[in-house]
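> Protein chains in written order, with this note's numbering: chain A, 2 to 318; chain B, 579 to 859.
Where a beta carbon is used, it is the ideal one built from N, C-alpha and C, also for glycine.
Here it is, the structure, as structure tokens.
Set out below in structure tokens:
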């Protein structure tokens, strides 16, 4: 079995910040906007190097989305930055009308997604954002898994014409994808080959899936791990090819099971090749305060939960 | 440049277009459209510096954003008669497969439209972004926008109004259609907004008032004054006092025609008050 190791942990938001800094140096059309959270979004270097291309909006996310839409008229490529909750639910109608329906080339970059922002609690822990954003026609939805992939995704979306939702987080997580790996929107990455169960994971759950695969291997179970960094458009072929071999699937995400990656995968399977599936996701609940590790444990979003789900789904074959 | 008589003729023709468009599909918003007809005609034919043809970025020309998208009939008629798309296409307003959706959108690629609007309160933010892009592009042209007075009840406007002066966005002229009416009645009854001029001034804007907002010459004069106040470090607001339903006697001075189409007899009456000038579509 192919195994993955890491030497360093880093937050995915830093991948966004460093990707944005690189874009500042390479793409003169890229501009950045923030609603009073520049340190949290790691936007400092971009701002320092390109003060004339940075727009401090203040605590006014609705206005930020509209201004971003307007900046595209004149050829700019705006990257908005705030927490995932304030990037989606708070401004859904602004995104829907002024960005998605209007077909504007805005990159909505959302940090602190999911439970892992920790102690701030449920007001700031959105577990519904993937669902909200994937339902918007024309919206691309990306949730990378580590620092390197988030940096690569940030750079890649500047080249993509159309609105994008880029979701990342606060905690330090292992860096295990290659720094030079090209980011292809909509192209899943197979991390391990397996024959007994497919595990499709996104964001912070990809590392947990790899950890789970080691435990499963020790039990004699061969798991195929797929890193789905793009939830929309979904790489349907990668999923169908894998379940054709394994006959069952686990989806894993830091999101509500309603509206998330799991439901997107279930639709693909139901319409092409009905396959037993288990969902590692939150169960239609809000989050709460706690450390990221405590929360992921309490809400069943870790390697242990993935192992259990794999064991369950294999029995349903 | 057209003379005043030519603009007056166009105003009458646009009124006819509005009445016929909403009558045909028995839906749409004639009241606010008629109230802003003189303004929109003057804006597109006298005030704005426009290029031939249409491209989304609009570099090297003035831009316009309609925030109160429900007055799409006047927007579509003025755009068509300014040459953005065939006048005959006005007959497709609100029909299936039309580019002339109930509310304006870029989605079907209608030339002249740069943003979808209809859900209120979003247009000022968009106009500000476009104005800031113009500055970054060293484009000295202006951005115009139009907003309903009732629309100012949407909070996003005040985020935008605060931002505009803080960031010295002085290449925007945002016009508020002060007709004093909204769906549920007079704005002063639905949600009184106090002194709108003082509110804009308190937020750091330069304010120009056009008392006769249905008089083409007064509009041109007032907008020239507004234009003269751009580029001075402050955003410019025009308070345009209009009469909802102007030019059709039974639609005037009431909110009843905000979103209601005339019946056959009412259409005939409205058209007879506005005899054909440039040719119906």
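With DSSP as the reference, label residue 760 (chain B) as helix, strand or coil.
In the structure shown, residue 760 (chain B) sits in a strand (DSSP, three-state: E or B).
> From residue 165 (chain A) to residue 141 (chain A), what distance separates their C-alpha atoms?
Each residue's Cα considered, the two are about 5 Å apart.
> Give the range of the alpha helix (DSSP H) segment to which residue 788 (chain B) is assigned.
Not the alpha helix (DSSP H): residue 788 (chain B) falls in the beta strand (DSSP E), residues 784-788.
> Between residue 96 (chain A) and chain B, is any beta-carbon pair separated by less than 8 Å?
For residue 96 (chain A), the answer is no, since every Cβ of chain B falls outside 8 Å of its Cβ.
> So with CB distances below 7 Å, who are the chain B contacts of residue 102 (chain A)?
In chain order: 683, 685 and 694.
> Can you tell me where the alpha helix (DSSP H) with residue 17 (chain A) in it begins and where it stops?
Per DSSP, residue 17 (chain A) belongs to the alpha helix (DSSP H) from 13-27.
> Run the CB neighbour count on residue 683 (chain B), radius 10 Å, all protein chains shown included, and call it buried at 16 or more, exposed below.
Buried.
> Output yes if chain A places a C-beta closer than 8 Å to the C-beta of residue 625 (chain B); else output no.
By this cut-off, residue 625 (chain B) is not an interface position.
> Please determine, among A:157, A:10 and A:220, the residue with the shortest C-alpha to C-alpha distance to residue 148 (chain A).
Per the Cα distances, A:10.
> State the start and end residues of the unbroken alpha helix (DSSP H) segment that holds residue 175 (chain A).
From DSSP, residue 175 (chain A) is part of no alpha helix (DSSP H) but of the beta strand (DSSP E) over 173-175.
> May I ask you to list, following chain order, the residues of the region 122-142 of chain A that have a beta carbon less than 7 Å from some beta carbon of chain B?
The residues in question: there are none.
> First and last residue of the beta strand (DSSP E) that includes residue 819 (chain B)?
Residue 819 (chain B) -> beta strand (DSSP E) spans 814-819.
> What are the boundary residues of the alpha helix (DSSP H) that includes residue 47 (chain A)?
Element bounds for residue 47 (chain A): 45-50.
> Give me the residue from A:316, A:317, A:288 and A:282 with the minimum Cα distance to residue 301 (chain A).
Residue A:282 is the option with its Cα nearest to residue 301 (chain A).
> I'd like the span of the beta strand (DSSP E) that includes residue 226 (chain A), first residue to last.
Element bounds for residue 226 (chain A): 224-228.
> Here's the rule I'm using: 16 or more other beta-carbon atoms within 10 Å means buried, otherwise exposed. How should residue 95 (chain A) be labelled?
The residue is buried, with at least 16 neighbouring Cβ atoms inside 10 Å.
> What number of angstroms, rounded off, separates the C-alpha of residue 583 (chain B) from the C-alpha of residue 735 (chain B)?
Each residue's Cα considered, the two are about 36 Å apart.
> According to DSSP, is residue 676 (chain B) helix, strand or coil?
Coil.
> Where do the ends of the beta strand (DSSP E) carrying residue 258 (chain A) lie?
Careful: residue 258 (chain A) lies outside any beta strand (DSSP E) and carries neither H nor E.
> I'd like to know if residue 637 (chain B) contacts chain A, where contact means its C-beta is closer than 8 Å to some C-beta of that chain.
Yes - at least one Cβ of chain A is within 8 Å of the one on residue 637 (chain B).
> For a cutoff of 8 Å on Cβ pairs, would you count residue 741 (chain B) as touching chain A?
Judged by the 8 Å Cβ criterion, residue 741 (chain B) is in contact with chain A.
> Under 8 Å, Cβ to Cβ, is there at least one residue of chain B near residue 78 (chain A)?
It does not: the Cβ of residue 78 (chain A) has no partner Cβ on chain B nearer than 8 Å.
> Could you compute how far the alpha carbon of residue 709 (chain B) sits from the alpha carbon of residue 196 (chain A)?
Approximately 57 Å, taken between the alpha carbons.
> Are the region 817-829 of chain B and the region 762-770 of chain B touching by the rule of at least three beta carbon pairs closer than 8 Å?
As far as the Cβ criterion goes, the region 817-829 of chain B does not touch the region 762-770 of chain B, which means the pair count is below three.
> Just to confirm before moving on: does the CB-CB distance between residue 700 (chain B) and residue 645 (chain B) stay below 8 Å?
Against a cut-off of 8 Å, the Cβ pair of residue 645 (chain B) and residue 700 (chain B) comes out as a contact.
> By the three-class DSSP mapping on this structure, what secondary structure does residue 38 (chain A) have?
It is coil, neither helix nor strand.
> Contact between the region 664-684 of chain B and the region 617-625 of chain B is defined here as three or more beta-carbon pairs at a separation below 8 Å; is this criterion met?
At 8 Å Cβ cutoff, the stretches do not touch.
> What is the residue span of the beta strand (DSSP E) that residue 725 (chain B) lies within?
Counting along the chain, the beta strand (DSSP E) containing residue 725 (chain B) begins and ends at 721-726.
> What residue range does the beta strand (DSSP E) around residue 79 (chain A) cover?
Here the beta strand (DSSP E) through residue 79 (chain A) covers 78-84.
> If contacts are defined as beta-carbon pairs under 8 Å, then residue 225 (chain A) and residue 200 (chain A) qualify, I think. What distance do you get, rounded to the angstrom?
Contact flag correct, Cβ pair sits at about 7 Å.
> In three-state DSSP terms, what is residue 279 (chain A)?
Strand.
> From the DSSP output, read off the bridge partner residues of residue 142 (chain A).
DSSP output for residue 142 (chain A) lists A:166 and A:233 as bridge partner(s).
> Show which residues of chain A have a CB atom less than 7 Å away from the CB atom of residue 716 (chain B).
Result: empty, since nearest Cβ-Cβ is about 11 Å, beyond 7 Å.
> Would you say residue 195 (chain A) reaches chain B, if we count a Cβ-Cβ gap shorter than 8 Å as a contact?
With 8 Å as the cut-off, residue 195 (chain A) does not count as an interface residue toward chain B.
> What does DSSP give as the partner residues of residue 108 (chain A) in its beta bridges?
Answer by DSSP bridge pairing, in chain order: A:80 and A:165.
> Between the Cα of residue 60 (chain A) and the Cα atoms of B:801, B:821, B:737 and B:695, which residue gives the shortest distance?
It is B:737.
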